[in-house]
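Read through the structure below, which is laid out as C-alpha coordinates, and then see the notes.
In my numbering, the protein residues as written are 3 to 206.
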(Lines of atoms letter the chains of each structure in order from A; the text may use other names.)
(Lines give C-alpha, C1' and ligand atoms only; values in the text may rest on other atoms or scores of the structure.)
Protein backbone atom coordinates (compact mmCIF):
# COMPACT_ATOMS: atom_id res chain seq x y z
CA UNK A 3 0.00 0.00 0.00
CA UNK A 4 2.83 2.40 0.88
CA UNK A 5 4.61 1.74 -2.41
CA UNK A 6 1.40 2.37 -4.41
CA UNK A 7 0.81 5.62 -2.54
CA UNK A 8 4.38 6.68 -3.27
CA UNK A 9 3.92 6.09 -6.98
CA UNK A 10 0.71 8.12 -7.06
CA UNK A 11 2.40 10.97 -5.19
CA UNK A 12 5.23 10.99 -7.74
CA UNK A 13 2.75 11.07 -10.61
CA UNK A 14 0.81 13.94 -9.06
CA UNK A 15 4.03 15.88 -8.56
CA UNK A 16 4.85 15.49 -12.25
CA UNK A 17 1.21 16.16 -13.25
CA UNK A 18 1.41 13.71 -16.14
CA UNK A 19 -2.26 12.83 -15.93
CA UNK A 20 -3.52 16.41 -15.80
CA UNK A 21 -1.22 17.44 -18.68
CA UNK A 22 -2.51 14.59 -20.83
CA UNK A 23 -6.15 15.36 -20.00
CA UNK A 24 -5.72 19.11 -20.61
CA UNK A 25 -4.01 18.57 -23.95
CA UNK A 26 -6.59 15.99 -25.04
CA UNK A 27 -9.43 18.41 -24.30
CA UNK A 28 -7.54 21.24 -25.99
CA UNK A 29 -7.34 19.07 -29.10
CA UNK A 30 -11.08 18.38 -28.87
CA UNK A 31 -10.52 14.64 -28.48
CA UNK A 32 -12.42 12.10 -26.40
CA UNK A 33 -10.87 9.18 -24.57
CA UNK A 34 -12.27 6.97 -27.32
CA UNK A 35 -10.49 9.07 -29.95
CA UNK A 36 -7.17 8.64 -28.18
CA UNK A 37 -7.89 4.96 -27.67
CA UNK A 38 -8.49 4.56 -31.41
CA UNK A 39 -5.26 6.38 -32.25
CA UNK A 40 -3.06 4.52 -29.78
CA UNK A 41 -4.62 1.08 -29.40
CA UNK A 42 -4.69 1.64 -25.63
CA UNK A 43 -7.90 0.88 -23.74
CA UNK A 44 -10.19 3.64 -22.46
CA UNK A 45 -9.97 2.36 -18.83
CA UNK A 46 -6.17 2.50 -18.96
CA UNK A 47 -6.20 6.01 -20.44
CA UNK A 48 -8.64 7.12 -17.75
CA UNK A 49 -6.41 5.67 -15.01
CA UNK A 50 -3.41 7.51 -16.46
CA UNK A 51 -5.29 10.82 -16.65
CA UNK A 52 -6.40 10.41 -13.03
CA UNK A 53 -2.88 9.53 -11.82
CA UNK A 54 -3.89 5.99 -10.90
CA UNK A 55 -1.51 4.32 -13.36
CA UNK A 56 2.04 5.22 -14.33
CA UNK A 57 2.62 5.02 -18.09
CA UNK A 58 5.75 3.23 -19.33
CA UNK A 59 7.88 5.15 -21.84
CA UNK A 60 6.37 3.24 -24.80
CA UNK A 61 2.81 4.01 -23.64
CA UNK A 62 3.54 7.68 -23.00
CA UNK A 63 5.17 7.88 -26.42
CA UNK A 64 2.02 6.56 -28.10
CA UNK A 65 -0.12 9.07 -26.21
CA UNK A 66 2.15 11.97 -27.10
CA UNK A 67 2.04 11.07 -30.79
CA UNK A 68 -1.75 10.79 -30.70
CA UNK A 69 -1.94 14.30 -29.18
CA UNK A 70 0.58 15.77 -31.62
CA UNK A 71 3.45 16.54 -29.24
CA UNK A 72 6.80 14.99 -28.38
CA UNK A 73 7.11 12.98 -25.19
CA UNK A 74 9.25 15.79 -23.76
CA UNK A 75 6.16 18.01 -23.57
CA UNK A 76 4.98 16.14 -20.48
CA UNK A 77 8.23 16.67 -18.58
CA UNK A 78 8.80 20.38 -19.09
CA UNK A 79 7.41 22.98 -16.73
CA UNK A 80 7.64 25.94 -19.10
CA UNK A 81 7.85 26.09 -22.90
CA UNK A 82 11.43 26.09 -24.12
CA UNK A 83 12.72 26.44 -27.65
CA UNK A 84 16.45 26.82 -27.00
CA UNK A 85 18.66 25.06 -29.50
CA UNK A 86 21.10 24.22 -26.71
CA UNK A 87 19.79 22.94 -23.38
CA UNK A 88 21.98 22.28 -20.35
CA UNK A 89 20.59 20.41 -17.33
CA UNK A 90 22.86 20.65 -14.29
CA UNK A 91 23.05 17.84 -11.80
CA UNK A 92 21.28 19.93 -9.16
CA UNK A 93 18.47 20.63 -11.67
CA UNK A 94 17.75 16.99 -12.27
CA UNK A 95 14.78 17.08 -9.88
CA UNK A 96 12.84 18.70 -12.72
CA UNK A 97 12.83 15.36 -14.52
CA UNK A 98 11.00 13.47 -11.81
CA UNK A 99 11.69 9.75 -11.66
CA UNK A 100 8.49 7.91 -12.53
CA UNK A 101 8.06 4.43 -11.11
CA UNK A 102 6.40 2.01 -13.51
CA UNK A 103 4.17 -0.30 -11.53
CA UNK A 104 2.98 -3.31 -13.46
CA UNK A 105 0.64 -6.11 -12.49
CA UNK A 106 0.64 -7.59 -8.99
CA UNK A 107 1.95 -4.32 -7.57
CA UNK A 108 5.49 -4.96 -8.79
CA UNK A 109 7.69 -2.09 -9.85
CA UNK A 110 9.40 -2.83 -13.17
CA UNK A 111 11.57 0.24 -13.58
CA UNK A 112 11.85 3.97 -12.96
CA UNK A 113 12.69 6.54 -15.60
CA UNK A 114 13.86 10.13 -15.45
CA UNK A 115 13.78 12.49 -18.44
CA UNK A 116 17.20 14.09 -18.77
CA UNK A 117 16.59 16.78 -21.41
CA UNK A 118 13.16 17.80 -20.08
CA UNK A 119 13.47 21.60 -20.62
CA UNK A 120 13.22 21.14 -24.38
CA UNK A 121 10.10 19.59 -25.89
CA UNK A 122 10.73 19.97 -29.63
CA UNK A 123 13.34 17.24 -29.96
CA UNK A 124 13.40 13.95 -31.83
CA UNK A 125 15.60 12.05 -29.38
CA UNK A 126 14.54 11.48 -25.78
CA UNK A 127 17.29 10.58 -23.27
CA UNK A 128 16.29 8.88 -20.02
CA UNK A 129 18.08 7.61 -16.95
CA UNK A 130 16.42 4.28 -16.19
CA UNK A 131 16.60 2.27 -12.96
CA UNK A 132 15.64 -1.34 -13.66
CA UNK A 133 14.33 -3.78 -11.06
CA UNK A 134 15.12 -7.51 -10.93
CA UNK A 135 12.07 -9.66 -11.69
CA UNK A 136 11.09 -13.16 -12.71
CA UNK A 137 10.95 -14.06 -16.39
CA UNK A 138 7.24 -14.85 -16.18
CA UNK A 139 6.54 -11.35 -14.86
CA UNK A 140 8.01 -9.57 -17.87
CA UNK A 141 5.74 -7.41 -20.02
CA UNK A 142 6.73 -6.58 -23.57
CA UNK A 143 6.42 -3.10 -25.12
CA UNK A 144 6.88 -1.74 -28.62
CA UNK A 145 6.55 1.52 -30.55
CA UNK A 146 7.74 2.99 -33.84
CA UNK A 147 11.35 4.10 -33.86
CA UNK A 148 14.71 3.07 -32.48
CA UNK A 149 16.34 2.86 -29.05
CA UNK A 150 19.85 2.92 -27.65
CA UNK A 151 20.65 1.47 -24.22
CA UNK A 152 23.96 1.88 -22.37
CA UNK A 153 24.38 0.06 -19.05
CA UNK A 154 25.85 2.18 -16.26
CA UNK A 155 25.72 -0.32 -13.39
CA UNK A 156 24.41 -3.78 -12.60
CA UNK A 157 23.37 -6.39 -15.17
CA UNK A 158 20.51 -6.05 -17.63
CA UNK A 159 18.77 -8.78 -19.56
CA UNK A 160 17.20 -7.68 -22.85
CA UNK A 161 14.62 -9.89 -24.54
CA UNK A 162 13.15 -9.44 -28.03
CA UNK A 163 11.74 -12.01 -30.46
CA UNK A 164 13.96 -15.09 -30.11
CA UNK A 165 16.97 -13.16 -28.81
CA UNK A 166 18.20 -12.79 -25.23
CA UNK A 167 21.18 -10.57 -24.41
CA UNK A 168 22.79 -10.01 -21.01
CA UNK A 169 24.59 -6.68 -20.68
CA UNK A 170 26.95 -5.38 -18.03
CA UNK A 171 28.47 -1.96 -17.25
CA UNK A 172 29.90 -0.42 -20.42
CA UNK A 173 27.84 -2.67 -22.73
CA UNK A 174 25.37 -1.08 -25.13
CA UNK A 175 22.51 -2.12 -27.38
CA UNK A 176 20.82 -0.45 -30.36
CA UNK A 177 17.55 -1.88 -31.68
CA UNK A 178 14.38 -1.24 -33.66
CA UNK A 179 11.80 -0.52 -30.98
CA UNK A 180 8.84 -1.75 -33.04
CA UNK A 181 10.02 -5.23 -32.02
CA UNK A 182 8.21 -6.25 -28.80
CA UNK A 183 10.89 -6.10 -26.12
CA UNK A 184 11.36 -6.35 -22.37
CA UNK A 185 14.19 -5.66 -19.94
CA UNK A 186 14.96 -6.69 -16.39
CA UNK A 187 17.86 -6.55 -13.97
CA UNK A 188 19.53 -9.88 -13.30
CA UNK A 189 22.00 -10.90 -10.64
CA UNK A 190 22.23 -8.88 -7.44
CA UNK A 191 20.17 -5.72 -7.06
CA UNK A 192 18.97 -3.09 -9.49
CA UNK A 193 20.64 -1.90 -12.66
CA UNK A 194 20.95 1.58 -14.14
CA UNK A 195 21.10 2.48 -17.80
CA UNK A 196 21.07 5.45 -20.12
CA UNK A 197 18.30 4.97 -22.68
CA UNK A 198 17.83 7.17 -25.74
CA UNK A 199 14.54 6.84 -27.60
CA UNK A 200 13.97 8.03 -31.16
CA UNK A 201 10.52 8.06 -32.72
CA UNK A 202 9.70 9.40 -36.21
CA UNK A 203 7.50 12.49 -36.15
CA UNK A 204 3.82 11.77 -36.68
CA UNK A 205 4.10 7.99 -36.27
CA UNK A 206 2.67 5.77 -33.53
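Every residue, glycine too, gets a C-beta built ideally from N, C-alpha and C.
Could you tell me how far apart the beta carbons of residue i and residue j are, in whole angstroms, since I believe they sit closer than 8 Å?
i           : j           : result
residue 199 : residue 59  : 6 Å
residue 177 : residue 159 : Not quite, the Cβ-Cβ distance comes to about 14 Å (not below 8 Å), so this is no contact.
residue 76  : residue 151 : With 8 Å as the limit, residue 76 and residue 151 do not qualify as a contact, their Cβ atoms being about 21 Å apart.
residue 201 : residue 31  : That pair is no contact at about 20 Å.
residue 120 : residue 88  : That belief does not hold up - the Cβ atoms of residue 120 and residue 88 are roughly 10 Å apart, past 8 Å.
By alpha-carbon positions, which one of the options ends up nearest to residue i?
i           : options           : result
residue 186 : 145, 45, 147, 111 : 111
residue 184 : 48, 22, 71, 133   : 133
residue 191 : 162, 157, 31, 172 : 157
residue 26  : 42, 69, 53, 189   : 69
residue 91  : 71, 118, 85, 67   : 118
residue 34  : 21, 48, 155       : 48
residue 142 : 172, 180, 155     : 180
residue 144 : 29, 28, 42, 36    : 42
residue 207 : 50, 171, 44, 146  : Summary: the structure shown does not reach residue 207, with the chain confined to residues 3 through 206, and so no result is reported for it.
residue 20  : 40, 56, 188, 37   : 56
residue 122 : 61, 74, 46, 45    : 74
Which of the three DSSP states, helix, strand or coil, is assigned to residue i?
i           : result
residue 154 : strand
residue 139 : helix
residue 53  : coil
residue 168 : strand
residue 69  : coil
residue 194 : strand
residue 36  : helix
residue 200 : strand
residue 62  : helix
For the ligand GTP, any of its heavy atoms closer than 8 Å to the Cβ of residue i?
i          : result
residue 30 : For the structure depicted, the ligand GTP is absent and the ligand set is empty, with no information on it obtainable.
I'd like to know whether the C-beta of residue i is nearer than 9 Å to at least one C-beta of chain C.
i           : result
residue 201 : Looking for chain C here will not work: only one protein chain is present.
Indicate whether the contact test is met: 3 or more Cβ pairs, each with one atom in the stretch 183-200 and one in the stretch 120-133, closer than 8 Å. yes
I want to know whether the stretch 111-120 touches the stretch 165-173 - three or more CB-CB distances under 8 Å. no
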